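In what follows, a single structure is set out as structure tokens and then discussed.
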Amino acid sequence: MFNLILFGPPGAGKGTQSERLIAQYQLAHISTGDLLRAERKAGTELGEQANEYIAKGELVPDAVVIGMVRNYIVDHREASGFIFDGFPRTVAQAEALDSMLHEFDARIDAVLGLEVEEDELVKRLLLRGQSSGRADDQDEATIRNRFQEYMNKTLPLQSFYSEQNKYHGVEGMGEIESIFDSLCQQIDRVRS
Ligand code: AMP
96 MFNLILFGPP GAGKGTQSER LIAQYQLAHI STGDLLRAER KAGTELGEQA
146 NEYIAKGELV PDAVVIGMVR NYIVDHREAS GFIFDGFPRT VAQAEALDSM
196 LHEFDARIDA VLGLEVEEDE LVKRLLLRGQ SSGRADDQDE ATIRNRFQEY
246 MNKTLPLQSF YSEQNKYHGV EGMGEIESIF DSLCQQIDRV RS
């Protein structure tokens, strides 16, 4: 199994790059944001509860997200590996992920962090909001709140994974294709 975390703030390009990476490396894709939006669309209680946090730009409680990821991994245990996109977002989630993977005799092999300046992120999110219809991409105050959550709760994961020599920063500004090439180079280096 090869397991990769695509790390970075909201709007860094994790979804766009994940789509390409899963095609290139035949990995299963876990986007907790997508899973939560699917729950909402299906009208489940979990989806309704999660939406209260999403709408404010706050993180959904760890237990909810961890449970969802566990189910996904169990359902896809035959996969040759996973790309985690938007998960983990807290140290508690990262620790839970380590023990889940341990059950499958697997681990996180690499964490690739897309590095993008904040002004560019706001621009990208507002633009995405126009086409995606995502309410949390349309309001600048919600976007700023998501960054705040990222700084306070998610950024500490950078040291968490750096201490394990798993974190690699990748320039996330510029052309989608050249960012993809840089990600592939890093992955190929880790895998070889
Ligand atoms: P995303 O699509 O990754 O930008 O996520 C959209 C929203 O879903 C976030 O702003 C959070 O409210 C929620 N969310 C997604 N992933 C997580 C996670 N791993 N932990 C907590 N909340 C999450």
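Numbering of the sequence shown is given in our numbering, commencing with residue 96 and proceeding in unit increments.
Glycine is no exception: its CB is placed at the ideal position from the N, C-alpha and C atoms.
Since we're looking at a predicted model, the values are computed, not measured.
Item: If I'm right that Leu116 touches Leu278 with Cβ under 8 Å, what's the distance once you round it to whole angstroms?; Value: 6 Å
Item: Report the partner residues of Val206 according to the DSSP bridge assignment.; Value: Ile100, Tyr262
Item: By a C-beta neighbour count over all protein chains shown, 10 Å radius and 16 as the cutoff for buried, is Gly181 buried or exposed?; Value: buried
Item: If contacts are defined as beta-carbon pairs under 8 Å, then Leu220 and Asp232 qualify, I think. What distance do you get, rounded to the angstrom?; Value: 5 Å
Item: Which residue wins for smallest C-alpha separation from Gly162, given the options Tyr148, Ala174, Ala187, Gln119?; Value: Ala187
Item: CB of Ile149 to nearest heavy atom of the ligand AMP: below 7 Å?; Value: yes
Item: If we ignore side chains and look at the alpha-carbon of each, how far apart do Gln281 and His263 end up?; Value: 8 Å
Item: Going by Cα to Cα distance, which pick from Glu140, Thr139, Pro105, Lys248 is closest to Ser126?; Value: Pro105
Item: Are the stretch 230 to 247 and the stretch 145 to 162 touching by the rule of at least three beta carbon pairs closer than 8 Å?; Value: yes
Item: Just to check my reading of the structure: Met268 and Val211 have Cβ atoms closer than 8 Å, yes? What is that Cβ distance to the nearest angstrom?; Value: 6 Å
Item: Specify, as a first and last residue, the run of the alpha helix (DSSP H) that Ser257 falls within.; Value: 251 to 257
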